[in-house]
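Take my numbering: the final residue in the sequence shown is number 812, and no numbers are missing along the way. Glycine is no exception: its CB is placed at the ideal position from the N, C-alpha and C atoms.
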Amino acid sequence: MDRMKWMAAGFTFTIVALFAPLYGAEVEQRFFRIDAAGKPAGELLMKIATQDSGGHVVEVRASRSARLLAGTWRSGCHAIETWKAGRLQKFDAAIDTDGKKRTISAAPKEGKLRVLINDKRQDARLDVWTTSFWTLPANVARQQSVALFDVHTGAERAGQLEYIGVETLTAAQQQLTAAHYRLRGEGIRADLWYDGLDRLVRAIVSEGDQTWSLELTGVARNKENANGKRE
């Protein structure tokens with residue numbers, strides 16, 4: 582596996598690159614701007630590879646920063662999610678929050694999702710929905726309970742997802758109709774908007790005393806060829 586350095590919000594950390602080229606896979610990249618209190622606070626890149634089997638491998642890279650009374654808070658995240666038939670099959674992440682590093686891995690085992698946080702084990706439900714929110718849960722209803730898997734901490738949280746309605750908004754310099762959902766959970770509140778592919782285009786997320794908004798600024802689509810190059 583290749584090693585890579587990623588510059589995130591003014592600091593650098595090294596992680597193992599887990600996103601191997603998926604030859605022949607359709608790849609979509611979604612670029613988001615992160616705002617806090619109406620000001621730019623970071624960026625997020627979401628890379629979605631659709632496999633011939635119908636599964637998805639999703640790579641998320643995000644950097645955030647915020648000015649607090651005690652100074653500037655910074656956080657970087659690089660996560661890889663593997664999905665099949667609406668279920669999380671594998672998860673790996675490297676997190677750096679103000680210099681405190683955390684690694685998270687998860688995979689189904691013995692009827693549960695086996696989670697390792699800095700090699701410390703805990704279990705979660707198999708039907709979790711990750712807080713990357715890259716897509717809607719499988720067979721989503723107008724109102725339903727969800728088991729949230731926090732991509733920054735590895736913790737499982739209980740939540741309630743509610744369909745609000747269809748709205749028109751501007752994303753990536755284009756007008757589109759999006760389905761608006763509202764999430765209320767343990768320590769988290771979010772309003773989420775999804776396009777016709779059930780993929781995220783906008784989010785407003787509140788955790789504790791921090792609120793972040795994600796706005797889609799661009800979309801790129803291509804295909805990995807046999808040499809691992811994008812076409």
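Helix, strand or coil: which one does DSSP assign to residue i?
{"i": "residue 767", "result": "coil"}
{"i": "residue 618", "result": "coil"}
{"i": "residue 725", "result": "strand"}
{"i": "residue 639", "result": "strand"}
{"i": "residue 664", "result": "strand"}
{"i": "residue 733", "result": "coil"}
{"i": "residue 778", "result": "coil"}
{"i": "residue 713", "result": "coil"}
{"i": "residue 789", "result": "coil"}
{"i": "residue 754", "result": "coil"}
{"i": "residue 606", "result": "coil"}
{"i": "residue 719", "result": "coil"}
{"i": "residue 673", "result": "strand"}
{"i": "residue 656", "result": "strand"}
{"i": "residue 632", "result": "coil"}
{"i": "residue 772", "result": "strand"}
Figure out for me which residue from the options has the closest Cα to the Cα of residue i.
{"i": "residue 645", "options": "794, 801, 777", "result": "794"}
{"i": "residue 741", "options": "760, 751, 710, 747", "result": "710"}
{"i": "residue 653", "options": "622, 766, 635", "result": "622"}
{"i": "residue 712", "options": "721, 729, 792", "result": "729"}
{"i": "residue 691", "options": "682, 707, 679", "result": "707"}
{"i": "residue 718", "options": "627, 666, 634", "result": "666"}
{"i": "residue 723", "options": "716, 745, 731, 733", "result": "745"}
{"i": "residue 802", "options": "785, 628, 734", "result": "628"}
{"i": "residue 661", "options": "686, 620, 786", "result": "686"}
{"i": "residue 725", "options": "633, 675, 766", "result": "766"}
{"i": "residue 615", "options": "786, 739, 790", "result": "786"}
{"i": "residue 620", "options": "648, 702, 780", "result": "648"}
{"i": "residue 732", "options": "633, 636, 632, 673", "result": "673"}
Spatial neighbours of residue i within its chain, please: CB distance less than 7 Å, with the 5 preceding and 5 following residues excluded, ordered by chain position.
{"i": "residue 749", "result": "756, 758"}
{"i": "residue 788", "result": "768, 769"}
{"i": "residue 699", "result": "683, 684"}
{"i": "residue 799", "result": "612, 753"}
Tell me where the beta strand (DSSP E) around residue i begins and ends.
{"i": "residue 688", "result": "681 to 690"}
{"i": "residue 696", "result": "693 to 698"}
{"i": "residue 704", "result": "701 to 705"}
In its own chain, which residues sit with a C-beta less than 6 Å from the C-beta of residue i, not counting the 5 before and 5 after it?
{"i": "residue 630", "result": "603, 606, 608, 638"}
{"i": "residue 663", "result": "638, 670, 671"}
{"i": "residue 774", "result": "759, 761, 782, 783"}
{"i": "residue 778", "result": "none"}
{"i": "residue 617", "result": "647, 793"}
Regarding residue i and the ligand ADP, is the C-beta to nearest heavy atom distance less than 7 Å?
{"i": "residue 640", "result": "Within the structure as shown, the ligand ADP is missing, as the structure has no ligands at all."}
Which same chain residues, not among the five before or five after residue i, have their C-beta less than 8 Å away from its C-beta?
{"i": "residue 565", "result": "Since the displayed the chain opens at 582 and closes at 812, residue 565 lies outside it and no answer follows."}
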